[in-house]
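For reference, the structure is listed below as structure tokens.
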Amino acid sequence: MDTQFLLSLVVGISVGGVAGFLGSLILGRRMALVAGPLGHLTLPGIALGLMYGFDVSLGAFPFVILGIVLIWLFEMRTKLPMEALTAIVFASGVAIAFLLLPVKQAEAALVGDITQVSFGEAAVSVILTLLLFFAIKKIYSKIVLINISEELAQSEEVNIRKYNLIYLGSIAIIVALGVKMVGGLLTAALVAIPASSARNLSRNLTQYSFGAMIIGIISSSMGILLYKLTGFPAGPLIILASTAIFLISMIFKR
Amino acid sequence: MESDFILKVKNLNVILDHQSIIENLSFEVKRGDALTILGPNGAGKSVLLKTLLGLIPYRGEIEWAKAIKIGYVPQRLPFIKDIPISIRDFFNLKRSLGKGTEAILNSVGFKEDFSRKKIGDLSSGQFQRVLIAWGLVGNPQVLLFDEPTTGVDIGAEETIYNLLAKLKEERDLTILLVTHDLSVVYKFSTEVICLNRQPICYGPSQEVLTPESIQKLYGGEVRYYQHKH
Chain A
144 MDTQFLLSLV VGISVGGVAG FLGSLILGRR MALVAGPLGH LTLPGIALGL
194 MYGFDVSLGA FPFVILGIVL IWLFEMRTKL PMEALTAIVF ASGVAIAFLL
244 LPVKQAEAAL VGDITQVSFG EAAVSVILTL LLFFAIKKIY SKIVLINISE
294 ELAQSEEVNI RKYNLIYLGS IAIIVALGVK MVGGLLTAAL VAIPASSARN
344 LSRNLTQYSF GAMIIGIISS SMGILLYKLT GFPAGPLIIL ASTAIFLISM
394 IFKR
Chain B
14 MESDFILKVK NLNVILDHQS IIENLSFEVK RGDALTILGP NGAGKSVLLK
64 TLLGLIPYRG EIEWAKAIKI GYVPQRLPFI KDIPISIRDF FNLKRSLGKG
114 TEAILNSVGF KEDFSRKKIG DLSSGQFQRV LIAWGLVGNP QVLLFDEPTT
164 GVDIGAEETI YNLLAKLKEE RDLTILLVTH DLSVVYKFST EVICLNRQPI
214 CYGPSQEVLT PESIQKLYGG EVRYYQHKH
């Protein structure tokens with residue numbers, strides 16, 4: 144087995160797993176829609192990264208932060224429907240990617256490419272996802288309580304601002320890491336689909352959260368293996384593997 | 014200060030989104046009281062409970078007895094059914110899970126192993142009892158109970174108040190209860206506040222609930238009758 148393939152697999156497993164884990168919190172707040180525009184917003188950043196030859200996650204990150212500020216403004220301040228933001232950001236993001244980049248690179252921006260990931264990039268991804276995993280595990284029950292009811296959380300003296308900040312920060316990092324794997328277009332799916340499958344299959348929070356993580360890991364591994372076998376781009380294959388698991392989970396819904 | 018003092022509220026005013034929700038409300042709660050906050054929908058009842066919990070900014074004075082523990086039973090939790098969460102999970106979210114979950118669930122009438130059930134599978138009446146049990150974790154001396162206005166199974170409402178009366182007795186609880194249902198006052202409470210943004214009546218239930226005050230409270234829509242038990 145060649146090193147490049149192993150590196151891709153390591154990145155896929157770590158990012159896919161933690162994206163699934165975090166996704167179980169995002170679904171609970173009906174925020175899966177938010178991950179969409181966040182991913183699309185990263186497209187200009189990815190384009191810059193590809194044009195000037197630096198890590199696309201690094202390029203994506205400031206745009207994710209911008210996205211989080213935008214969402215905060217949209218949701219908290221103007222109460223405009225999230226769909227408006229989704230449509231605007233989606234269209235502009237795709238337009239910018241195609242305007243700035245040659246078609247081959249535009250493809251990498253839109254659907255990702257982890258098949259060329261370097262050892263350094265892989266190491267950074269693993270370290271960041273490990274840190275994220277522990278951070279999410281630590282805030283998990285508080286965010287669940289906030290998701291259920293902010294008032295209940297307040298009455299339990301949960302510092303809502305603090306936990307929301309850590310939570311949004313985690314989303315920002317996982318989206319930035321995710322774009323490398325599945326591109327700006329598909330990052331939302333990386334977060335939302337494993338959690339949706341796990342929701343169908345579980346009866347309690349432990350099954351749900353760790354189920355989402357395991358399904359994320361399986362989807363990523365399957366996608367990367369299929370890439371090896373077929374030569375199709377890995378990003379879309381990861382998402383389709385995830386979708387296949389979701390369809391199966393519908394049959395066994397509890 | 015006398016030892017049976019629990020809560021003192023003086024000239025309470027709450028304004029939300031430039032709208033006055035509660036105006037000039039004053040009342041006192043003593044240990045062992047069952048105070049009903051009665052009023053039509055939108056009268057500011059739930060807001061009052063949340064204000065007492067310190068969740069909403071206010072003007073005026075709210076003074077709780079020192080070191081008092083308060084349990085809160087919210088009106089409804091619409092988002093809880095979005096995720097797979099068992100009753101035990103829900104209790105694990107609680108800050109101070111001193112006494113075992115099972116024991117508290119038993120005290121609101123659930124048998125062994127019930128805590129493994131998924132909250133999404135509960136009936137509304139069962140869920141209501143789970144919420145009460147949740148509010149009782151940590152042995153509070155005071156329970157703030159916000160009555161669900163819709164969605165409790167028929168027949169369950171009666172048993173909820175029987176349950177509250179039983180718990181009050183067993184645990185020496187002081188209860189502040191929000192309701193729009195006049196009959197609850199007669200069944201359950203010792204004191205009543207009629208609230209429709211402004212306080213309309215306040216005092217021992219049997220004395221202050223007159224046809225006049227009720228008509229003023231509900232704008233004449235409700236017919237007055239008193240249960241003779």
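Those protein sequence lines, which keep their order, are chains A and B.
The first sequence lines up with residues 144 to 397 when you count with my numbering.
The second sequence lines up with residues 14 to 242 when you count with my numbering.
Glycine included, every Cβ here is placed at the ideal spot set by N, Cα and C.
Note that the structure is predicted; figures quoted are calculated from it, not measured.
Rounded to the nearest whole angstrom, the CA to CA distance from B:G122 to B:E183 is 13 Å.
Cβ-Cβ distances below 8 Å link B:K130 to S99, I100 in the same chain, with the five nearest sequence neighbours on each side left out; the list follows chain order. For the 7 Å CB-CB criterion, A:I156 and A:V334 do not form a contact. Excluding sequence positions up to five before and after B:I145, its CB lies within less than 6 Å of the CB of V86, V121, all in the same chain and listed in chain order. Check the Cα spacing between A:I336 and each of A:L320, A:A319, A:S363, A:R346: the tightest is with A:S363. Between A:V269 and A:G326 a beta carbon distance of about 20 Å is seen, past the 8 Å cut, so the two are scored as non-contacting. According to the DSSP secondary-structure assignment, B:N26 is paired through a beta bridge with B:R72. Below 8 Å, enough C-beta pairs join the segment 187–200 of chain B and the segment 46–64 of chain B to call them touching: three or more.
Just measuring C-alpha positions, the residue of A:H183, A:L209, A:L242, A:A265 sitting nearest A:V153 is A:A265. A:L288 places its beta carbon 7 Å or farther from that of A:A278. Chain-order list of chain B residues neighbouring A:E299: L106, K107, R108, by C-beta distance under 8 Å. By DSSP's assignment, B:D159 forms a beta bridge with B:V191. A:S151 is positioned such that its CB atom lies closer than 7 Å to that of A:I257.
In this structure, B:L208 lies away from B:G67, with their beta-carbon atoms at least 7 Å apart. DSSP places B:A116 in the uninterrupted alpha helix (DSSP H) bounded by 114–120. Boundaries cannot be given for B:Q88, as no beta strand (DSSP E) includes it and DSSP labels it neither H nor E. Annotated three-state conformation of A:T373 is helix, per DSSP. The residue among B:I227, B:D17, B:V198, B:K229 with its C-alpha nearest the C-alpha of B:I81 is B:D17.
Ranked by Cα distance from B:D159, the options B:K179, B:V197, B:V27 are led by B:V197.
Neighbours of A:Q350 across chain B, judged by C-beta separation under 8 Å: P97.
Your pair B:T114 and B:V155 does not check out as a contact, with CB atoms roughly 21 Å apart and the cut at 8 Å. Against B:P87, the close residues of chain A are S292, E294, L295, in the order they occur along the chain (beta-carbon pairs closer than 7 Å). According to the DSSP assignment, A:T330 belongs to no beta strand (DSSP E) but to the alpha helix (DSSP H) extending over 303–344.
In this structure, DSSP gives A:L271 a helical state, which the three-state scheme calls helix. Annotated as proximal: A:G163 and A:G359, with beta-carbon spacing under 7 Å. Contact with chain A is found for B:D102, since one of that chain's Cβ atoms lies less than 7 Å from the residue's Cβ. Residue state for B:L38 is assigned as strand, using DSSP reduced to three classes. Look at the beta carbons and you see the segment 339–352 of chain A not touching the segment 312–328 of chain A: under three pairs across the two are nearer than 8 Å. For B:G216, the enclosing beta strand (DSSP E) covers residues 211–217. Around B:R89, the same chain offers P161 as residues with beta carbons nearer than 6 Å, after the five sequence neighbours per side are excluded.
Here A:N343 is buried: its Cβ has 16 or more other Cβ atoms, across all protein chains shown, within 10 Å. Cβ contact annotation for A:L191 (same chain, cutoff 7 Å, sequence separation greater than five): G202, in chain order.
CA-to-CA, the gap between B:I75 and B:K23 works out to about 7 Å.
Between B:K63 and B:I69, the alpha-carbon positions lie close to 6 Å from each other.
Inclusion of B:I83 and B:R44 in the CB contact set at 7 Å is not warranted, their separation being larger than that value. Per DSSP, B:A56 lies in no alpha helix (DSSP H) and is assigned neither H nor E.
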